[in-house]
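Undergrad:
In UniProt numbering, the protein residues as written are 1 to 297.
#1: Determine the burial state of residue 70: buried for a count of at least 16 other Cβ atoms within 10 Å of its Cβ, exposed for fewer.
#2: List the whole-angstrom C-beta distance separating residue 77 from residue 63, where the pair is believed to meet the contact cut-off of C-beta under 8 Å.
#3: Given a threshold of 16 other Cβ atoms within 10 Å of its Cβ, counted over all protein chains shown, does residue 229 qualify as buried or as exposed?
#4: Can you name the residues that DSSP bridges to residue 220?
#5: Reducing DSSP to helix, strand and coil, say where residue 269 ends up.
#6: Could you check what DSSP says for residue 151 in three-state terms: helix, strand or coil?
#7: Name the two residues that bound the continuous beta strand (DSSP E) containing residue 205.
#8: For residue 292 versus residue 227, is the C-beta distance shorter than 8 Å?
#9: Compare the beta carbon distance of residue 38 and residue 45 with 8 Å and say whether it is the shorter of the two.
#10: Within 10 angstroms of the Cβ of residue 91, are there 16 or more other Cβ atoms? Answer buried if so, exposed if not.
#11: Please state if the CB of residue 164 and the CB of residue 7 are separated by a distance shorter than 8 Å.
#12: Beta-carbon within less than 6 Å of residue 214's beta-carbon, same chain only, minus the 5 sequence neighbours each way: which residues are those?
#13: Considering only their Cβ atoms, is the gap separating residue 14 from residue 49 smaller than 8 Å?
#14: Do residue 74 and residue 47 have their CB atoms nearer than 8 Å?
#15: Assuming residue 221 contacts residue 287 (C-beta within less than 8 Å), just tell me the rounded distance between them.
#16: Go ahead and pull the three-state DSSP assignment for residue 161.
#17: Does residue 52 come out as helix, strand or coil in the three-state DSSP assignment?
#18: Starting from residue 227, follow the alpha helix (DSSP H) in both directions and report where the run begins and ends.
#19: Grab me the residues of residue 42's own chain with a C-beta within less than 7 Å of its C-beta, minus the 5 sequence neighbours each way, in chain order.
#20: By Cβ distance, which residues of its chain are closer than 8 Å to residue 141, with the 5 residues on each side in sequence left out?
#21: What first and last residue would you give for the alpha helix (DSSP H) that runs through residue 4?
#22: Please tell me whether residue 153 and residue 166 are closer than 8 Å, where the distance is taken between their beta carbons.
#23: How is the alpha helix (DSSP H) around residue 60 delimited, first residue to last?
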């Protein structure tokens with residue numbers, strides 16, 4: 001049984017980390033909120049934590065002044081702000097490159113002293129730093145200078161590292177994923193549906209025998225495919241893994257790490273094995289075939 005007080009403390013301390021995208025921050029908040037027991041206040045609590053935890057404090061203040069702010073509205077404005085910043089960085093890089101070309105063409109190339117090429121190679125090698133295992137930074141710094149040295153992880157609570165490099169962290173995609181058009185004619189990009197964790201006494205949870213193994217599934221009528229966590233497949237080893245026929249995506253168009261396995265339970269259904277999935281999902285088609293749900297005209 002999870003400690004609700006501890007789970008809420010982790011949720012309320014969560015901040016957008018350096019280099020973390022808006023969609024990544026939003027997804028992480030949903031994962032943490034799953035175990036906080038907020039009930040009908042779930043979306044409001046995620047909205048509040050999302051707004052207060054943004055790295056862009058100016059945008060955070062603007063959102064707080066909107067009396068009719070919803071989670072969707074906050075997400076839209078944050079995504080727009082993120083996109084504009086990326087575009088400005090691209091324009092700045094292009095302008096800088098053009099200026100460098102002008103300077104290079106307007107001056108003669110000086111004769112390089114002996115050993116200069118060797119110096120450049122050495123400097124390039126030095127500039128290529130490994131990612132810091134405590135904060136995830138690639139710019140390079142000493143252990144004493146690491147910003148995560150005295151920080152507490154927002155995921156596991158341990159001291160000395162950030163959540164984005166936490167070894168115990170398993171990112172749980174939540175809410176609805178969506179499909180986009182694929183440039184590959186042989187692979188479809190498919191809607192997976194809700195990836196939330198199992199909730200006790202949830203009427204949408206059902207037991208199904210998969211290759212003689214009793215498995216708890218969440219009925220998701222909006223999902224196009226049936227999926228199980230990689231940990232469950234590793235435990236039961238039902239079906240032979242094959243190359244996926246479809247590409248599954250989560251929030252923000254993020255691809256999910258997956259394999260596919262074919263098995264049989266009353267009706268034939270391809271089951272997708274997804275890394276870090278919280279609970280098994282039963283697609284709408286499979287649920288109808290098993291007479292668990294029915295279409296109402």
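Note that CB positions come from ideal geometry on N, CA and C, so glycine has one too.
TA: The relevant details are as follows:
#1: Your numbering for residue 70 matches position 70 in the chain shown. Using a 10 angstroms sphere on the CB of residue 70, the tally of other CB atoms stays under 16, which defines it as exposed.
#2: Here residue 77 refers to the residue found at position 77 when the chain shown is read from its first residue. Here residue 63 refers to the residue found at position 63 when the chain shown is read from its first residue. Rounded, the Cβ-Cβ distance is 7 Å, consistent with contact.
#3: Position 229 of the chain shown, counted from the first residue, corresponds to residue 229. The Cβ neighbour count for residue 229, taken over all protein chains shown within 10 Å, is at least 16; the residue is labelled buried.
#4: Within the chain shown, numbered from 1, the residue matching residue 220 stands at position 220. Answer by DSSP bridge pairing, in chain order: 283.
#5: Residue numbering aside, residue 269 sits at position 269 when the chain shown is read from its first letter. Residue state, collapsed to three classes: strand.
#6: Counting from 1 along the chain shown, the entry for residue 151 is found at position 151. Per DSSP, reduced to three states, the secondary structure at residue 151 is coil, with no helix or strand assignment.
#7: Within the chain shown, numbered from 1, the residue matching residue 205 stands at position 205. If you look at residue 205, you'll find it in the beta strand (DSSP E) that goes 205–210.
#8: Working through the chain shown from its first residue, we reach residue 292 at position 292. Working through the chain shown from its first residue, we reach residue 227 at position 227. No, these two residues do not count as a Cβ contact at 8 Å.
#9: As a first step, residue 38 is located in the chain shown; it is residue number 38 there, counting from the start. As a first step, residue 45 is located in the chain shown; it is residue number 45 there, counting from the start. Contact: yes.
#10: Looking up residue 91 in the chain shown gives position 91. Residue 91 counts as exposed, since fewer than 16 other C-beta atoms from the protein chains shown sit within 10 angstroms of its C-beta.
#11: As a position in the chain shown, residue 7 is number 7, starting the count at 1. As a position in the chain shown, residue 164 is number 164, starting the count at 1. Between residue 7 and residue 164, the gap from beta carbon to beta carbon reaches 8 Å or more.
#12: In the chain shown, the residue the question calls residue 214 occupies position 214. The answer, listed in chain order, is 207.
#13: In the chain shown, residue 49 corresponds to position 49, counting from 1. In the chain shown, residue 14 corresponds to position 14, counting from 1. Yes, Cβ-Cβ distance for residue 49 and residue 14 is below 8 Å.
#14: Here the question's residue 74 lines up with position 74 in the chain shown. Here the question's residue 47 lines up with position 47 in the chain shown. Yes; because the gap between Cβ atoms is below 8 Å, this pair is in contact.
#15: Taking the chain shown and counting its residues from 1, the one referred to as residue 221 is at position 221. Taking the chain shown and counting its residues from 1, the one referred to as residue 287 is at position 287. Right, their Cβ atoms sit about 6 Å apart.
#16: Residue 161 sits at position 161 when you count from the first residue of the chain shown. Correct three-state label for residue 161: coil.
#17: Taking the chain shown and counting its residues from 1, one reaches residue 52 at position 52. Note: residue 52 maps to helix in three-state DSSP.
#18: Locating residue 227 in the chain shown gives position 227, where the first residue counts as 1. Per DSSP, residue 227 belongs to no alpha helix (DSSP H); it is in the beta strand (DSSP E), 226–229.
#19: Looking up residue 42 in the chain shown gives position 42. Closer than 7 Å at the Cβ level, and outside the excluded window around residue 42, lie 33.
#20: As a position in the chain shown, residue 141 is number 141, starting the count at 1. Spatial neighbours of residue 141 in its own chain (CB-CB distance under 8 Å, excluding positions within 5 residues in sequence) are listed in chain order as 132.
#21: In the chain shown, the residue the question calls residue 4 occupies position 4. Run containing residue 4: 4–13, per the alpha helix (DSSP H) assignment.
#22: Within the chain shown, residue 153 is the residue found at index 153, counting from 1. Within the chain shown, residue 166 is the residue found at index 166, counting from 1. Residue 153 places its beta carbon less than 8 Å from that of residue 166.
#23: Taking the first residue of the chain shown as 1, we reach residue 60 at position 60. Unbroken alpha helix (DSSP H) run through residue 60: 57–64.
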